[in-house]
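Sequence positions in the sequence shown follow the numbering used here and run 13 to 811.
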Amino acid sequence: MDELAFEDFLLEEKRKELEKLAREEAERERQAEEQRRREAEEAAKEADRLQARAETERRRELLPQLMENAVRSLDKVWYVEPSEFKGKDLIRLYYNKSSGPLTNAEEIWIHGGYNKWKDGLSIVKKLNKPVVEGDDWWYTDVVVPEQAFVLDWVFADGPPQNAIVYDNNSNQDFHAIVTIPDEKYWVELEQLIYQKLQEERKLREEAIHAKAENTAKMKAETKERTLKGFLLSQKHIVYTEPLDVQAGSTVTVFYNPSNTNLNGKPEVWFRCSFNRWSHRNGPLPPQRMLPAENGTHVKATVKVPLDAYMMDFVFSESKDGGVFDNKFGLDYHIPVFGGIVKESPLHIIHIAVEMAPIAKVGGLGDVVTGLSRAVQDLSHNVDIILPKYDCLNLSNVKDFNFHKSYFWGGTEIKVWHGKVEGLSVYFLEPQNGFFWVGCVYGRNNDAERFGFFCHAALEFLLQSGFHPDIIHCHDWSSAPVAWLFKENYAHYGLSKAQVVFTIHNLEFGAHFIAKAMKYSDKATTVSPTYSREIAGHPAVAPNLHKFHGIINGIDPDIWDPYNDNFIPVPYTSENVVEGKRAAKQALQERLGLKQADLPLVGIITRLTHQKGIHLIKHAIWRTLECGGQVVLLGSAPDHRIQNDFQNLANQLHSSHSDHARLCLSYDEPLSHLIYAGADFILVPSIFEPCGLTQLTAMRYGSIPVVRKTGGLYDTVFDVDHDKDRAQTQGLEPNGFSFDGADAGGVDYALNRAISAWYDGRDLFNSLCKRVMEQDWSWNRPALDYLELYHAARKAASNS
Ligand code: ADP
């Protein structure tokens with residue numbers, strides 16, 4: 013056995029050992045899960061038992077009230093044969109017709125119920141005439157309700173609708189004792205209630221379990237598909253055979269230099285290593301790539317070590333280097349499956365001033381939560397540092413506790429810790445009151461307050477001995493983290509950390525953003541197109557070499573038409589037509605629109621100039637001209653715009669009350685119903701860094717109609733024009749889009765969209781199904797961010 017073979021032998025032994033450990037761990041987890049299930053079942057049984065007892069007790073206490081005024085007969089008025097009876101018995105009730113107001117009635121009816129009319133009128137019968145001529149005792153046979161303790165009734169001269177004269181015992185009604193329950197009755201009743209509760213609980217739990225399993229299955233399938241897509245997304249440049257790279261196997265890497273900066277080079281050299289360039293054997297010797305059979309690609313073959321979890325490579329024009337293709341500084345990485353070593357998790361800390369759903373103002377808050385959850389799901393460690401606003405929505409924070417307190421900046425800072433959506437969050441509460449102002453933004457010292465927060469957050473990390481790999485800050489509000497860190501902290505205990513900075517909207521605080529761009533190790537914005545649109549901006553331009561566009565995702569749990577309490581019928585892409593039909597009906601009913609099968613355009617937006625107000629107005633009129641319905645849900649921070657839309661709403665609600673509804677408020681539940689009930693969601697923004705509305709629309713099977721800008725351009729592919737562009741993303745076209753910022757542009761997209769609806773519903777429905785099956789969650793963006801985090805670390809270790 014040579015040295016390499018011996019190493020492999022040892023690794024193979026280690027693999028077997030690890031597999032055994034994994035099996036044992038899985039068995040322990042199974043047993044713990046079984047134990048948890050048993051405990052939960054016991055607790056549920058106990059709860060049902062208590063409920064059954066309470067219910068029995070309640071009925072027992074009510075009994076004297078029920079039996080009040082109940083007798084076994086009323087002399088000369090009524091009696092029962094047999095005189096003692098119980099539930100389910102057949103009894104004969106006699107009534108003396110001449111005893112009261114019905115003396116002269118032609119017919120006698122009983123209108124009865126039981127237990128103080130518990131179920132209302134449940135016994136209605138006509139009485140028979142007496143057997144003996146001249147006798148006054150009329151009678152009827154009645155089956156006693158099973159649960160009755162007391163029978164209640166009145167007599168009348170006809171059935172309920174026709175009766176005119178009643179004998180209701182001078183407004184007291186008649187009450188007969190059925191049975192006075194004994195102790196055994198109560199014991200049996202309690203048992204019966206308990207069994208019923210158990211059965212109901214079982215059915216409920218089975219339904220919830222089945223649904224949760226289905227949801228988890230769909231989620232896992234989507235994630236798997238997206239990872240495959242991620243691996244294939246480079247196919248025009250690089251791919252492997254087989255596509256799934258297994259540790260210990262041999263793979264061939266195919267590379268097409270004609271699509272890269274190595275185009276036309278006579279030679280291509282393949283430089284590869286493993287485990288993010290940290291493998292114990294170091295990089296493999298450079299390998300000259302050979303022509304592949306397909307004529308376009310060149311290829312190289314590699315043996316993947318048993319202890320690999322990641323394959324890393326770049327390409328160069330010669331053995332010694334020269335010109336490189338390193339994927340714009342990110343390098344090429346392909347995950348390796350089945351290895352005996354797992355990638356050690358990164359520790360990422362977000363310092364941010366917004367976080368959904370506890371302190372959300374806009375998209376920034378959604379990104380912090382969504383990105384963190386997705387990265388944590390990929391087995392990395394994430395913490396978030398947030399100001400402790402007095403206006404925090406604490407009901408969404410679990411295990412909220414005081415953590416510690418420290419002094420900095422001339423004040424005491426209390427630190428609280430809690431879990432939000434499964435994420436660990438530290439809340440900083442400076443006792444100078446900077447965040448006791450009832451809002452997130454909007455004070456004239458916002459910059460001072462947030463600057464203080466950024467500095468205090470870094471101080472907290474240092475004093476608490478954190479050693480994060482990445483500190484991620486966002487927009488102007490936590491931009492100071494970048495330079496405060498580099499100037500004051502990078503050389504001390506936090507030296508391992510790299511700073512990543514994300515621009516969510518360049519409209520605000522460009523000066524701060526420019527400075528953070530300069531100091532951060534990597535910078536991103538929320539879509540590739542927006543990154544190009546702002547590339548020339550003086551705040552961005554000097555640092556393009558470290559600047560990347562990564563699209564945002566939506567949270568697939570918050571936005572899930574299969575598990576959504578705000579819509580009438582749960583649906584997936586399988587029953588999208590049925591689900592959306594029910595939602596449209598519910599929406600029309602709720603807003604008082606005509607209940608008809610018409611194309612419905614939804615608009616859900618902040619009403620600001622960024623969102624294309626004049627285009628929104630035009631689209632409303634255009635949709636109405638096409639015979640469609642429009643629902644707008646929007647709120648305007650500027651009261652002039654709000655008034656303007658209020659006037660439009662008044663006008664439309666009188667001229668087109670069947671077809672248009674403008675809801676000028678912020679209403680999240682209603683937004684869910686609009687996403688589900690609309691056929692189209694219109695987003696005609698003038699600029700849009702990413703945009704979440706079009707993504708949510710697709711999750712609910714609504715077709716986006718958008719202006720081609722920023723993230724809207726990167727996520728919506730026009731049915732008529734973008735087939736090829738979609739294909740490069742591994743997608744099919746999914747909507748309608750337009751270029752200009754005028755009425756003609758909107759018309760061009762909207763006319764085609766509405767025509768598609770009228771022209772062929774089968775085709776339109778298949779488009780709805782298709783957009784639902786596209787994955788706009790954080791699955792893919794999280795992989796891109798991880799690439800970036802790793803690239804930041806590699807750049808640091810090289811420098
Ligand atoms: P921005 O962050 O610029 O407002 P995005 O498209 O990124 O735009 O995010 C907007 C989010 O706010 C979406 O989730 C949308 O559903 C929601 N939203 C906007 N206006 C309203 C409203 N009036 N009521 C409820 N939700 C709204």
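Each residue gets a CB set at the ideal place from its N, CA and C atoms; glycine is no exception. As the structure is a computational prediction, the values presented were derived from the model and not from experiment.
- Annotation: the segment 435–516 contains the following complete segments of the beta strand (DSSP E) (minimum length 3 residues), in chain order: 435–442, 482–486, 510–515.
- Each residue's CA atom was taken as its position, placing F520 and W769 some 39 Å apart.
- Looking at the backbone, the Cα of Q654 and that of F446 are separated by about 31 Å.
- In the three-state scheme derived from DSSP, where H, G and I count as helix and E and B as strand, C284 is classed as strand.
- The beta carbons of K596 and G689 sit closer together than 8 Å.
- Y678 has its CB nearer than 7 Å to a heavy atom of ligand 1.
- G351 and D402 have their C-alpha atoms roughly 48 Å apart.
- At least one heavy atom of ligand 1 lies less than 7 Å from the C-beta of S647.
- Relative to the Cα of A648, the nearest Cα in the group T620, H671, Q658 belongs to T620.
- If you ignore the 5 residues before and after L114, its C-beta comes within less than 7 Å of the C-beta of I120, F167, D169, V177, D179, all in its own chain and listed in chain order.
- Uninterrupted alpha helix (DSSP H) stretches at least 4 residues long and entirely within the segment 520–571 occur at 522–531, 540–545, given in chain order.
- Beta bridge pairing from DSSP links K138 with W121.
- Distances from the CB of R618 to the heavy atoms of ligand 1 include at least one below 7 Å.
- Annotation for S683 indicates a beta carbon within 7 Å of some heavy atom of ligand 1.
- For a cut-off of 8 Å, the C-beta gap from D732 to R782 is around 15 Å, too long to register as a contact.
- The secondary-structure analysis by DSSP pairs F266 across a beta bridge with Y251, K311.
- Distance from the CA atom of A535 to the CA atom of L406, rounded to whole angstroms, is 32 Å.
- Around the beta carbon of T262, fewer than 16 other beta carbons sit within 10 angstroms, so the residue counts as exposed.
- About 11 Å separates the beta carbons of I397 and I425, which is beyond the 8 Å limit, so they are not a contact pair.
- With a contact defined as Cβ atoms closer than 8 Å, P696 and L627 qualify at about 4 Å.
- A distance below 8 Å separates the beta carbons of I616 and L645.
- At the C-beta level, L105 and T152 come within 8 Å of one another.
- Distance between M322 and E217, taken at the CA atoms: about 41 Å.
- Proximity to G505 across A528, F478, D101, E36 peaks at F478, based on C-alpha coordinates.
- Going by beta carbons, E441 and W428 fall inside the 8 Å limit.
- Pairing E637 with S669, the inter-Cα distance amounts to about 14 Å.
- The beta carbon of H549 sits closer than 8 Å to the beta carbons of L518, A522 from its chain, once the five residues preceding and following it are set aside; these are given in chain order.
- Of the residues S809, K247, H630, the one whose Cα lies closest to the Cα of A753 is H630.
- Residue environment for Y453: exposed (fewer than 16 other C-beta atoms within 10 angstroms of its C-beta).
- Inter-segment contact for the segment 268–279 and the segment 36–43 is absent: fewer than three beta-carbon pairs are separated by less than 8 Å.
- Residue pairing for D153: DSSP places it in a beta bridge opposite R104.
- When the Cα atoms are used, S489 and L798 turn out to be separated by approximately 23 Å.
- Checking the 7 Å criterion, the Cβ of G463 is out of range of every heavy atom belonging to ligand 1.
- For L518, the CB stays at least 7 Å from every heavy atom of ligand 1.
- At a threshold of 7 Å, G374 counts as near ligand 1, since its beta carbon sits closer than that to one of the ligand's heavy atoms.
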